[in-house]
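Mapping of the sequence shown onto the numbering used here: residues 738 to 969, in sequence order. We put the CB at the ideal spot given by N, CA and C, even for glycine.
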Amino acid sequence: MAAIGARARALIKRTALAAGRVAPEPVVGAAHKLSGWLEIGRWLRDECAGRPRRMATREKLFDLIGAEVAQARTLYLEFGVFQGDSMRYWSRLLKHPAARLHGFDSFEGLPERWSPDHARGHFSTGGALPEIGDPRAEFFKGWFEQTLPDYAAPAHDALVVNLDADLYGSTRFVLGRIAPLIRVGAWLYFDEFSDPHHEFRAFREFVAESGMKFAAVAESRNFWNVAFRRVA
Ligand SMILES: C[S@@+](CC[C@H](N)C(=O)[O-])C[C@H]1O[C@@H](n2cnc3c(N)ncnc32)[C@H](O)[C@@H]1O
Numbered sequence: 738m739a740a741i742g743a744r745a746r747a748l749i750k751r752t753a754l755a756a757g758r759v760a761p762e763p764v765v766g767a768a769h770k771l772s773g774w775l776e777i778g779r780w781l782r783d784e785c786a787g788r789p790r791r792m793a794t795r796e797k798l799f800d801l802i803g804a805e806v807a808q809a810r811t812l813y814l815e816f817g818v819f820q821g822d823s824m825r826y827w828s829r830l831l832k833h834p835a836a837r838l839h840g841f842d843s844f845e846g847l848p849e850r851w852s853p854d855h856a857r858g859h860f861s862t863g864g865a866l867p868e869i870g871d872p873r874a875e876f877f878k879g880w881f882e883q884t885l886p887d888y889a890a891p892a893h894d895a896l897v898v899n900l901d902a903d904l905y906g907s908t909r910f911v912l913g914r915i916a917p918l919i920r921v922g923a924w925l926y927f928d929e930f931s932d933p934h935h936e937f938r939a940f941r942e943f944v945a946e947s948g949m950k951f952a953a954v955a956e957s958r959n960f961w962n963v964a965f966r967r968v969a
C-alpha cells in the first residue's frame with residue numbers, strides 16, 4: 738500500500754467498510770479467502786524455487802513423485818491416514834521390497850475443529866485401522882504428540898512425507914519433530930495447502946525456522962494439493 742496515497746487508502750477502506758455492511762456472508766468469506774491466497778502466492782514467489790507442474794488430480798501428483806522413488810528403498814510417512822485411501826495408493830506405487838510405509842493417526846478424528854464442516858472428531862474411524870494388505874505398511878496409532886517422540890525411522894534412500902492432518906497444530910508439530918529426516922532430496926506433500934491458516938501456515942513457519950530451501954514441484958488444479966522437494 739506504500740505506493741497508494743493516504744486519501745486513496747482512506748477511500749478504499751471506506752468502500753470496503755460500506756460493502757461489508759451490505760454484502761452477504763459468503764461474499765465476505767470469499768474476500769477473506771482471497772487475501773489468504775494472495776499471501777500464499779506471494780510466499781511461494783519469494784521463498785520457493787521452481788515452477789510447479791499442474792496436475793489434474795492428487796493421484797497424478799502422487800504418480801509424478803512415484804516415478805522418481807518407486808524403485809528406491811523409500812520411506813513413505815503419512816500423517817493423517819483415516820481410512821487409508823492414500824496409503825493404499827502409495828502401497829501400489831512403491832515397488833521396492835524394502836520400501837516402508839508408516840502411517841500415523843489417532844483414528845479418533847481431528848483433535849480440534851478445522852472448519853465449519855469439520856468439527857472435532859471428524860474423520861474418526863472409531864479406532865479401527867485400515868486394511869492395506871501390504872506387509873511393508875505399519876500403523877502408529879495415537880496422537881502424533883504421543884507416537885512421534887519414540888519413533889525411530891528405518892534406513893532408507895528416499896523420503897516421501899504426506900502431511901494430511903489438516904490442522905495447523907498437528908502439522909506444525911510433525912514438521913518440527915521429523916526435521917532431522919528431511920534431508921536434501923526429500924519430498925513433502927500437503928493435502929490442504931490452500932487453507933492459509935493451517936498446513937500452509939505450519940510450513941511457512943517451519944521453512945523460516947529451519948532455514949531449509951524447497952522447490953515447489955507440483956500442484957493439483959484446485960491447488961489443495963501441493964508437493965515440495967528440499968533443494969538446499
Ligand atoms: C483428512 S484425514 C486423512 C485422509 C487420508 N490421508 C486420505 O487421503 O485418505 C486427517 C486425519 O488426521 C488425523 N489427525 C489430525 N491431527 C492429528 C494428531 N495430532 N494426531 C493424530 N492424528 C491426527 C485425524 O484423525 C484424521 O484421520
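Would residue i and residue j qualify as a contact pair, given that the criterion is a beta-carbon distance under 8 Å?
| i | j | result |
| --- | --- | --- |
| Leu866 | Phe841 | no |
| Ala916 | Ser957 | no |
| Val897 | Val806 | yes |
| His935 | Thr811 | no |
| Ala895 | Ala809 | yes |
| Ala939 | Arg909 | yes |
| Ala890 | Leu918 | yes |
Would you mind working out which of the options sits nearest residue i, comparing C-alpha positions?
| i | options | result |
| --- | --- | --- |
| Leu925 | Phe819, Ala767, Asp901, Ser931 | Asp901 |
| Lys832 | Phe940, Glu942, Arg873 | Arg873 |
| Asn899 | Arg795, Glu776, Phe816, Ala745 | Phe816 |
| Thr862 | Gly922, Gly846, Asn959 | Gly846 |
| Ser852 | Leu904, Gly870, Asp871 | Leu904 |
In whole angstroms, what separates the C-alpha of residue i from that of residue j?
| i | j | result |
| --- | --- | --- |
| Ile749 | Trp774 | 20 Å |
| Phe881 | Pro761 | 39 Å |
| Ala836 | Arg857 | 33 Å |
| Arg790 | Thr752 | 38 Å |
| Glu942 | Ala952 | 16 Å |
| Gly787 | Val954 | 7 Å |
| Arg850 | Ser907 | 12 Å |
| Glu875 | Val765 | 44 Å |
| Gln820 | Glu868 | 8 Å |
| Trp961 | Leu838 | 23 Å |
| Phe965 | Arg744 | 42 Å |
| Pro848 | Pro886 | 18 Å |
| Leu771 | Arg920 | 33 Å |
| Pro834 | Gly803 | 15 Å |
Which of helix, strand or coil does DSSP assign to residue i?
| i | result |
| --- | --- |
| Tyr813 | strand |
| Gly948 | coil |
| Arg790 | strand |
| His893 | coil |
| Asp901 | coil |
| Tyr926 | strand |
| His769 | helix |
| Lys878 | strand |
| Ala755 | helix |
| Leu838 | strand |
| Val954 | strand |
Any heavy atom of ligand 2 closer than 7 Å to the CB of residue i?
| i | result |
| --- | --- |
| Leu830 | The model on display carries ligand 1 but not ligand 2. |
- Inspect the CB distances between the region 929-938 and the region 877-895 and report whether three or more fall short of 8 Å. With fewer than three CB-CB distances shorter than 8 Å, the region 929-938 does not count as touching the region 877-895.
- Message: So, does the region 809-829 touch the region 771-789, judging by three or more C-beta pairs under 8 Å?
- Response: With a cut-off of 8 Å on Cβ pairs, the region 809-829 is not in contact with the region 771-789, counting fewer than three such pairs.
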